[in-house]
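To start, the structure itself, in structure tokens.
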Amino acid sequence: MTLTLTRRVLMGTALAFGLAGAAAAQDFPTRSIELVIPFAAGGSTDVVGRIVADRMSQELGQQIIVQNVGGAGGSLGASQVAKADPDGYTILMGTVATHALNPLILKRKPYDAVEDFAPVSLLVLVPNVLAVNPALPVNTVQELIDLAKAEPLAYASSGNGTPLHLSGELFKSMADLDITHIPYQGSGPALTDVLGNQVPVIFDNLPSASSHISSGKLKALGVTTAERAPSFPDVPAISETLPGYETYSWNALFAPAGTPPEVVEVLANAAKAAMADPKVAERMAEFSAEIVASGPEELGEHVKAEMAKWEPVVVEAEVSLD
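Per the numbering used here, residue 973 is the first one in the sequence shown, and the count goes up by one each step.
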């Protein structure tokens, strides 16, 4: 009798929580939502985030307010969202840095990229590019590999432990090269020195390098995605020379762990609708961004796959940050 009663109580409690979650989703959102972008304003993640936030606001009927919380390679902003109330009113624009690399390279882990977040939607994949100063006597990825094996070379990136640094380290490993990494405090200073030929080679985000490529100030040898970028169809994919090479930046929405699944679904559906808007697609094409607009489960699997992919690269390159 007692056991039966206990089961009934538990079932009733579970049903009550389920109905409460469904009711919350039905009403959600009733006020503005904060989207934390864990990097400074003006970068590609910020621009993508603001475009998506604006369109999702229309879909949800409530304003999504963007807050830039930069610092520690995205960890400060990500940590803030991980600790927020799990009600759907604070969400994160996550990246490969916040959810794949930082958990691997930071000695002090401010959050668990899997356990502390509820995946919402993988929005876009953005190519990186391997480019050189035009004075360097190479025109293809293979010619760069041959030159790097014949004489010392260096490449620039936006900083130690960044996705661009690790893109370079993966390239070094797969091409069996010993090429020196020169880290900078952001893509801007790195580009400046490559344009000035202080450093001959760079791994950069395609959006930030595209104007210099178009003007001829940089020579693009290869994009890092598996296929060529639609905005630069004449630039080969690095994988055409190094089969299996593939890296990219990505942007995805996350909520704090414990956010009701019904609320996550509302956010995911709004994100999908936003990314299906032709005007949003047009803006994303300016970044050579490939729209994904996945569901929560797909994003969760993507994060795990990215961590598994990058762990051996981080270990081989001995990348570690305080």
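Built from N, CA and C at the ideal position, the CB exists for glycine as well.
The structure presented is a predicted model; accordingly, all values stated were derived computationally and were not measured.
Where residue i sits in the DSSP three-state scheme
| i | result |
| --- | --- |
| Pro1232 | coil |
| Leu977 | At Leu977 the pLDDT is 47, less than 50, meaning the model places this residue with poor confidence; the figure from the coordinates comes in the next sentence. In the structure shown, Leu977 sits in a helix (DSSP, three-state: H, G or I). |
| Glu1258 | coil |
| Ile1077 | helix |
| Ile1151 | coil |
| Thr1197 | coil |
| Leu1125 | coil |
| Ala1227 | strand |
| Ser1130 | coil |
| Ser1292 | coil |
| Val1264 | coil |
| Ala1103 | strand |
| Ser1182 | helix |
Element boundaries [beta strand (DSSP E), containing residue i]
| i | result |
| --- | --- |
| Phe1175 | 1173-1177 |
| Pro1135 | Per DSSP, Pro1135 belongs to no beta strand (DSSP E); it is in the alpha helix (DSSP H), 1135-1147. |
| Lys1189 | Note, Lys1189: premise wrong, no beta strand (DSSP E); not H, not E. |
| Val1041 | Counting along the chain, Val1041 falls outside any beta strand (DSSP E), and DSSP gives it neither H nor E. |
| Phe1089 | 1089-1098 |
| Ile1063 | 1062-1067 |
| Ile1210 | Note, Ile1210: premise wrong, no beta strand (DSSP E); not H, not E. |
| Glu1006 | 1005-1009 |
Beta-carbon proximity list for residue i, same chain, < 8 angstroms, skipping 5 on both sides
| i | result |
| --- | --- |
| Ile1117 | Ala1147, Leu1149, Thr1213 |
| Arg1080 | Asp1294 |
| Leu977 | The pLDDT assigned to Leu977 is 47, lower than 50, so where the model puts this residue is not dependable; a value taken from the coordinates is nonetheless given after this. Hits under 8 angstroms: none found. |
| Gly1021 | Leu1007, Ile1009, Val1038, Met1065, Asn1223 |
| Asp1249 | Arg1027 |
Beta-carbon contacts of residue i that lie in its chain and below 6 angstroms, excluding the five residues immediately before and after
| i | result |
| --- | --- |
| Lys1244 | Ala1265 |
| Thr1152 | Ala1126 |
| Ile1185 | Ala1192 |
| Gly1049 | Val1008, Pro1010, Val1041 |
| Met1279 | Ala1072 |
| Val1286 | Leu1076, Ile1077 |
| Ala1025 | Leu1007, Ile1036, Val1038 |
| Ile1063 | Leu1007, Leu1225, Ala1227 |
Cβ neighbour criterion (16 or more within 10 Å) applied to residue i
| i | result |
| --- | --- |
| Met973 | A caution first: Met973 carries a pLDDT of 44, below 50, which makes its placement in the model too unreliable to give a value. |
| Thr1070 | buried |
| Lys1144 | buried |
| Thr1134 | buried |
| Pro1099 | buried |
| Ile1037 | exposed |
| Asp1057 | exposed |
| Asn1169 | exposed |
| Pro1284 | exposed |
| Asp1176 | buried |
| Ser1040 | Note that residue 1040 is Asn in the sequence shown here, rather than Ser. It counts as buried. |
| Ala1072 | buried |
| Pro1202 | exposed |
| Leu975 | The predicted position of Leu975 is uncertain, since its pLDDT is 42 and thus under 50; no value can be drawn from it. |
| Val1252 | buried |
| Ala1289 | buried |
| Ala1013 | exposed |
N-terminal and C-terminal residue of the alpha helix (DSSP H) that residue i is part of
| i | result |
| --- | --- |
| Asn1111 | Looking at the DSSP string, Asn1111 is not in any alpha helix (DSSP H), and its letter there is neither H nor E. |
| Ala1280 | 1268-1289 |
| Val1020 | 1016-1032 |
| Val1053 | 1047-1054 |
| Ser1159 | 1159-1167 |
7 angstroms Cβ shell around residue i - same chain, five flanking residues per side excluded
| i | result |
| --- | --- |
| Met1256 | Val1096, Ile1263 |
| Gln1157 | Gly1131 |
| Met1028 | Ile1036, Ala1242, Ala1243, Ala1246 |
| Ala1209 | Gly1194, Val1195, Thr1197, Ala1198, Glu1199, Arg1200 |
| Ser1292 | Ile1077, Lys1079 |
| Lys1121 | Leu1149 |
| Glu1031 | Ala1242, Ala1245, Ala1246 |
| Leu1094 | Trp1222, Ala1224, Val1264, Ser1266, Glu1270, Leu1271, His1274 |
| Trp1282 | Ala1072, Leu1073, Leu1076, Leu1138 |
8 angstroms contact criterion, which residue i and residue j should meet: CB distance rounded
| i | j | result |
| --- | --- | --- |
| Val1171 | Ala1126 | 5 angstroms |
| Thr1219 | Leu1142 | 6 angstroms |
| Gly1033 | Asn1074 | At roughly 34 angstroms, the Cβ-Cβ gap does not stay under 8 angstroms, so Gly1033 and Asn1074 are not in contact. |
| Ser1187 | Thr1067 | Rounded, the Cβ-Cβ distance is 28 angstroms, inconsistent with contact. |
| Val1104 | Val1113 | Val1104 to Val1113, Cβ: 10 angstroms. No contact. |
| Glu1087 | Ala1229 | 6 angstroms |
| Ser1051 | Pro1082 | 4 angstroms |
| Val1166 | Ala1128 | 5 angstroms |
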